[in-house]
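Asker: Counting in the numbering used here, the sequence shown runs from 2 upward without gaps.
Don't be surprised by glycine CBs; every beta carbon is placed ideally from N, CA and C.
Next up is a structure, given as structure tokens.
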Amino acid sequence: MTQTTTRPTAAVLDDLVAAQHDGTARGITSVCSSHPWVLEAALRQAADDDTVVLVEATSNQVDQHGGYTGMRPADFRDAVHSLADRCGLPRERVLLGGDHLGTNRWRSLPAAEAMAQARDLVAAYVRAGFTKIHLDCSYPCAGDPTPLTDELVSERAADLLAVAEATAAEVGATGALRYVIGTEVPVPGGADHALHDLVPTDADAARATLAAHRAAFDARGLADVWPQVMGLVVQPGVEFDALQVVDYRSDRTAALREVLVDEPGMVFEAHSTDYQTVEALTELVADHWAVLKVGPWLTFAMREALFALSEVERELVPADEQARLPEVLEQVMLDQPDHWRGYYDGDAAAQQLARRYSYSDRARYYWPDPRVEAAADALLANLRRHDVPLPLLSAHLPVQHARVRAGVLDADPLALVVDAVRDVLRGYATACGTAPSTATRETR
Numbered sequence: 002m003t004q005t006t007t008r009p010t011a012a013v014l015d016d017l018v019a020a021q022h023d024g025t026a027r028g029i030t031s032v033c034s035s036h037p038w039v040l041e042a043a044l045r046q047a048a049d050d051d052t053v054v055l056v057e058a059t060s061n062q063v064d065q066h067g068g069y070t071g072m073r074p075a076d077f078r079d080a081v082h083s084l085a086d087r088c089g090l091p092r093e094r095v096l097l098g099g100d101h102l103g104t105n106r107w108r109s110l111p112a113a114e115a116m117a118q119a120r121d122l123v124a125a126y127v128r129a130g131f132t133k134i135h136l137d138c139s140y141p142c143a144g145d146p147t148p149l150t151d152e153l154v155s156e157r158a159a160d161l162l163a164v165a166e167a168t169a170a171e172v173g174a175t176g177a178l179r180y181v182i183g184t185e186v187p188v189p190g191g192a193d194h195a196l197h198d199l200v201p202t203d204a205d206a207a208r209a210t211l212a213a214h215r216a217a218f219d220a221r222g223l224a225d226v227w228p229q230v231m232g233l234v235v236q237p238g239v240e241f242d243a244l245q246v247v248d249y250r251s252d253r254t255a256a257l258r259e260v261l262v263d264e265p266g267m268v269f270e271a272h273s274t275d276y277q278t279v280e281a282l283t284e285l286v287a288d289h290w291a292v293l294k295v296g297p298w299l300t301f302a303m304r305e306a307l308f309a310l311s312e313v314e315r316e317l318v319p320a321d322e323q324a325r326l327p328e329v330l331e332q333v334m335l336d337q338p339d340h341w342r343g344y345y346d347g348d349a350a351a352q353q354l355a356r357r358y359s360y361s362d363r364a365r366y367y368w369p370d371p372r373v374e375a376a377a378d379a380l381l382a383n384l385r386r387h388d389v390p391l392p393l394l395s396a397h398l399p400v401q402h403a404r405v406r407a408g409v410l411d412a413d414p415l416a417l418v419v420d421a422v423r424d425v426l427r428g429y430a431t432a433c434g435t436a437p438s439t440a441t442r443e444t445r
């Protein structure tokens with residue numbers, strides 16, 4: 002059969018791995034978000050930097066049933082490709098990845114049922130043209146022993162690998178997939194409890210994980226697929242919770258960094274790198290964490306920009322015409338608390354503060370809500386009907402104000418929001434060794 006959709010070559014990942022093993026500190030940013038304004042920021046950044054963009058959908062966001070976004074893998078692919086067309090980025094420079102593909106969504110079910118769902122999930126991602134596949138069976142299912150052993154996690158990963166390879170053969174993509182494995186996988190989206198100490202993965206534990214996966218692949222007759230395994234997820238000692246960030250310390254990972262010396266086809270993948278300094282991100286790339294995953298920081302930056310524009314709206318727009326986005330978002334979060342309850346401690350005042358401002362950014366789950374979406378659109382429409390005085394813009398978005406003054410950024414409110422998200426991505430571009438754009442005129 003012929004391939005069902007445009008699938009970018011995995012050569013960019015192979016080149017990245019080769020560069021790391023040759024001693025060149027190169028990395029790639031993995032954008033883990035489904036919000037169209039965040040995706041637009043990532044696509045425009047890649048277009049200006051003349052690079053490939055890696056966009057990953059998580060099993061929470063996108064699955065064969067729709068996930069919390071309502072999108073299946075093919076829907077997500079089409080949405081990203083449509084945005085890329087609008088941003089002037091060729092589709093062959095869009096690399097799609099599936100993050101935490103495994104039992105996470107169905108861990109309340111018995112393992113047999115959860116794995117049946119996970120097989121369908123992986124097949125759907127591969128059929129939709131996703132190239133980078135994270136096989137993640139690290140979550141215990143109902144009735145499982147806790148913690149799971151490396152052997153059991155690896156056997157389940159091998160099961161999903163067999164499905165991925167069989168599906169790739171069906172769509173004419175044999176050899177095209179690149180896999181990420183690991184048993185010490187951080188919780189998607191940041192810690193759900195206050196952090197006190199975070200210990201990097203033990204080097205011997207990482208070696209045991211590699212050995213267990215290799216043995217499980219061999220047992221399934223998939224030894225020849227091992228060269229397609231390009232990434233190992235380990236904990237480098239970075240994480241964030243609602244109120245704090247644990248920063249990377251290179252001196253704590255010296256032994257761990259030696260684990261992949263004898264694996265020339267692999268690099269480390271770092272999850273939860275949100276809110277790290279550019280210096281810390283640069284150190285991570287230099288220490289062989291070549292894939293830097295970021296998600297909540299991007300919607301956090303988007304929320305900051307939208308809230309800043311809401312303050313501009315209060316100054317310019319009559320009260321009865323204001324969108325009142327922060328208030329609408331707060332009410333929707335109160336009406337539907339499942340996405341933040343259990344993450345934010347303290348009394349009512351502390352929880353309110355966290356809902357609006359926390360690093361965990363549980364607000365990101367509410368942007369697709371029709372009431373929130375309508376308020377965000379109304380905010381932009383209100384500001385487009387008014388000329389925003391530059392001093393007022395400076396008071397609330399000073400960095401974007403400077404770019405507007407310099408003539409490299411339009412004052413359109415959505416352009417301002419997208420640019421604020423790009424400020425996060427510019428830091429990642431610096432850390433990964435791609436040339437950040439500096440003087441390109443950004444328009445809509």
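According to the Cβ coordinates, are Ser31 and Leu55 closer than 9 Å?
Answerer: Start at 1 with the first residue of the sequence shown, and residue 31 comes out as number 30. Start at 1 with the first residue of the sequence shown, and residue 55 comes out as number 54. If you check the CB distance, Ser31 and Leu55 come in under 9 Å.
Asker: Hey, could you find the ends of the beta strand (DSSP E) Trp290 is sitting in?
Answerer: Along the sequence shown, one-based indexing puts residue 290 at 289. Its beta strand (DSSP E) spans residues 290-295.
Asker: Considering Arg348, what are the terminal residues of the alpha helix (DSSP H) in which it resides?
Answerer: For the purposes of this step, residue 348 is taken as the residue at position 347 of the sequence shown. The question names Arg, but residue 348 is Asp in the sequence shown. From DSSP, Asp348 is part of no alpha helix (DSSP H); its letter is neither H nor E.
Asker: Cα separation between Pro390 and Leu326?
Answerer: Your numbering for residue 390 matches position 389 in the sequence shown. Your numbering for residue 326 matches position 325 in the sequence shown. One C-alpha to the other measures close to 21 Å.
Asker: At which residues does the alpha helix (DSSP H) containing Val400 begin and terminate?
Answerer: Here the question's residue 400 lines up with position 399 in the sequence shown. Run containing Val400: 399-407, per the alpha helix (DSSP H) assignment.
Asker: Quick one: is Asp193 buried, meaning 16 or more other Cβ sit within 10 Å of its Cβ, or exposed?
Answerer: What you label residue 193 is simply residue 192 of the sequence shown in a count that begins at 1. The predicted position of Asp193 is uncertain, since its pLDDT is 49 and thus under 50; a value taken from the coordinates is nonetheless stated next. Counting Cβ neighbours within 10 Å, Asp193 comes out exposed, since fewer than 16 surround it.
Asker: Between Gln65 and chain D, is any beta-carbon pair separated by less than 9 Å?
Answerer: No chain D is present in this structure, which holds just one protein chain.
Asker: Can you tell me which residues form a DSSP beta bridge with Ala58?
Answerer: The residue given as residue 58 occupies position 57 in the sequence shown. Paired residues: Gly99.
Asker: Taking the alpha-carbon of Val226 as reference, which of Leu102, Ala80, Ala169 has the nearest alpha-carbon?
Answerer: As a first step, residue 226 is located in the sequence shown; it is residue number 225 there, counting from the start. The residue with the shortest Cα to Cα distance from Val226 is Ala169.
Asker: For Gly191, count neighbouring Cβ atoms within 10 angstroms of its own Cβ and tell me buried if that reaches 16, exposed if not.
Answerer: For the purposes of this step, residue 191 is identified with residue 190 of the sequence shown, where counting begins at 1. Unreliable placement is indicated for Gly191, whose pLDDT of 48 sits below 50; the coordinate value is still reported in the next sentence. By the neighbour-count rule (16 or more Cβ atoms within 10 Å), Gly191 is buried.
Asker: Should Glu314 go down as buried or exposed, given a rule of 16 or more other Cβ atoms within 10 Å for buried?
Answerer: Walking along the sequence shown from the start, residue 314 turns up at place 313. Classification of Glu314: buried, given that the 10 Å Cβ count is 16 or more.
Asker: Closer than 8 Å is the cut-off here; do at least three beta carbon pairs connect the region 345-362 with the region 395-414?
Answerer: No: fewer than three Cβ pairs fall under 8 Å.
Asker: What are the complete beta strand (DSSP E) segments, minimum 3 residues, inside the region 61-133?
Answerer: Residue ranges of uninterrupted beta strand (DSSP E) with 3 or more members, entirely inside the region 61-133 and ordered along the chain, are 95-103.
Asker: Return the chain-ordered list of same chain residues with a C-beta closer than 7 Å to the C-beta of Ala143, the five sequence neighbours on each side being excluded.
Answerer: Start at 1 with the first residue of the sequence shown, and residue 143 comes out as number 142. Cβ neighbours of Ala143 beyond the five flanking positions: Ser109, Leu110, Pro111.
Asker: To the nearest angstrom, how far is the alpha carbon of Pro228 from that of Val279?
Answerer: As a first step, residue 228 is located in the sequence shown; it is residue number 227 there, counting from the start. As a first step, residue 279 is located in the sequence shown; it is residue number 278 there, counting from the start. Near 31 Å, if we compare the C-alpha coordinates of Val279 and Pro228.
Asker: Taking Thr30 as part of the beta strand (DSSP E), name the residues at either end of that continuous run.
Answerer: Taking the sequence shown and counting its residues from 1, the one referred to as residue 30 is at position 29. From DSSP, the beta strand (DSSP E) with Thr30 extends over 29-32.
Asker: Measure the C-alpha to C-alpha separation of Leu153 and Ala217 and round it to an integer number of angstroms.
Answerer: On the sequence shown, position 152 is the one that residue 153 refers to. On the sequence shown, position 216 is the one that residue 217 refers to. Using only the alpha carbons, I get a separation of about 9 Å.
Asker: For Ala207 versus Glu185, is the C-beta distance shorter than 9 Å?
Answerer: Position 206 of the sequence shown, counted from the start, is the residue given in the question as residue 207. Position 184 of the sequence shown, counted from the start, is the residue given in the question as residue 185. Yes, the Cβ-Cβ distance between Ala207 and Glu185 is below 9 Å.
Asker: To the nearest angstrom, report how far apart Gly176 and Ala42 are at their CA atoms.
Answerer: Position 175 of the sequence shown, counted from the first residue, corresponds to residue 176. Position 41 of the sequence shown, counted from the first residue, corresponds to residue 42. Those two C-alpha atoms are separated by around 31 Å.
Asker: CA-CA distance, Arg45 and Met303?
Answerer: Your numbering for residue 45 matches position 44 in the sequence shown. Your numbering for residue 303 matches position 302 in the sequence shown. Roughly 15 Å separates the two Cα atoms.
Asker: Considering only residues of the region 336-393, which uninterrupted alpha helix (DSSP H) runs meet the minimum length of 4 residues and lie entirely inside it, listed in chain order?
Answerer: 349-358, 371-385
Asker: Report the residue from Thr300, Pro371, Trp341 whose alpha carbon sits nearest the alpha carbon of Val329.
Answerer: Looking up residue 329 in the sequence shown gives position 328. For the residues Thr300, Pro371, Trp341, the minimum Cα distance to Val329 belongs to Pro371.
Asker: Excluding the five sequence neighbours on either side, which residues of its own chain have a C-beta within less than 8 Å of the C-beta of Thr453, listed in chain order?
Answerer: One cannot answer for residue 453 here, as it falls past the ends of the chain, which runs 2 to 445.
Asker: Residue range of the beta strand (DSSP E) that Tyr180 falls in?
Answerer: The count along the sequence shown starts at 1 and reaches residue 180 at position 179. Looking at the DSSP string, the run of the beta strand (DSSP E) that includes Tyr180 is 179-182.
Asker: Report all residues from its chain with a CB closer than 8 Å to the CB of Leu223; omit the five preceding and five following residues, and keep chain order.
Answerer: In the sequence shown, the residue the question calls residue 223 occupies position 222. Ala159, Leu162, Ala163, Glu166.
Asker: Taking contact to mean 3 or more Cβ pairs, one atom from each stretch, closer than 8 Å, check whether the region 18-25 and the region 262-277 are in contact.
Answerer: yes
Asker: For Val143, name the three-state secondary structure that DSSP assigns.
Answerer: Position 142 of the sequence shown holds residue 143. At residue 143 the sequence reads Ala, which differs from the Val that was named. Residue state, collapsed to three classes: strand.
Asker: Indicate whether Tyr276 and Gly232 have their beta-carbon atoms separated by less than 9 Å.
Answerer: Your numbering for residue 276 matches position 275 in the sequence shown. Your numbering for residue 232 matches position 231 in the sequence shown. Result no, Cβ atoms of Tyr276 and Gly232 do not sit closer than 9 Å.
Asker: For Ala243 versus Asp339, is the C-beta distance shorter than 9 Å?
Answerer: As a position in the sequence shown, residue 243 is number 242, starting the count at 1. As a position in the sequence shown, residue 339 is number 338, starting the count at 1. Cβ distance not < 9 Å, so Ala243 and Asp339 don't count as in contact.
Asker: Can you tell me which of the three DSSP states His135 falls into?
Answerer: As a working mapping, residue 135 is identified with position 134 in the sequence shown. Note: His135 maps to strand in three-state DSSP.
Asker: Which residue wins for smallest C-alpha separation from Asp420, given the options Leu410, Tyr429, Gly428?
Answerer: Counting from one through the sequence shown, the residue named residue 420 turns up at place 419. Among Leu410, Tyr429, Gly428, the Cα nearest to that of Asp420 belongs to Leu410.
Asker: Quick one: measure Cβ to Cβ for Val422 and Val39, integer angstroms, because I've assumed they're closer than 8 Å.
Answerer: Working through the sequence shown from its first residue, we reach residue 422 at position 421. Working through the sequence shown from its first residue, we reach residue 39 at position 38. Sure, about 6 Å apart at Cβ, within 8 Å.
Asker: Excluding the five sequence neighbours on either side, which residues of its own chain have a C-beta within less than 8 Å of the C-beta of Leu472, listed in chain order?
Answerer: In the structure as shown, the chain starts at 2 and stops at 445, and residue 472 therefore has no counterpart that could be examined.
Asker: Can you tell me where the beta strand (DSSP E) with Leu233 in it begins and where it stops?
Answerer: Numbered from its first residue, the sequence shown carries residue 233 at position 232. Note, Leu233: beta strand (DSSP E), 230-234.
Asker: Does the beta-carbon distance from Phe301 to Arg365 come in below 9 Å?
Answerer: In the sequence shown, the residue the question calls residue 301 occupies position 300. In the sequence shown, the residue the question calls residue 365 occupies position 364. Yes. Within cutoff.
Asker: Run through the DSSP bridge pairs and tell me what Glu270 is partnered with.
Answerer: By 1-based counting over the sequence shown, the position of residue 270 is 269. Bridge partners of Glu270: Val234, Val292.
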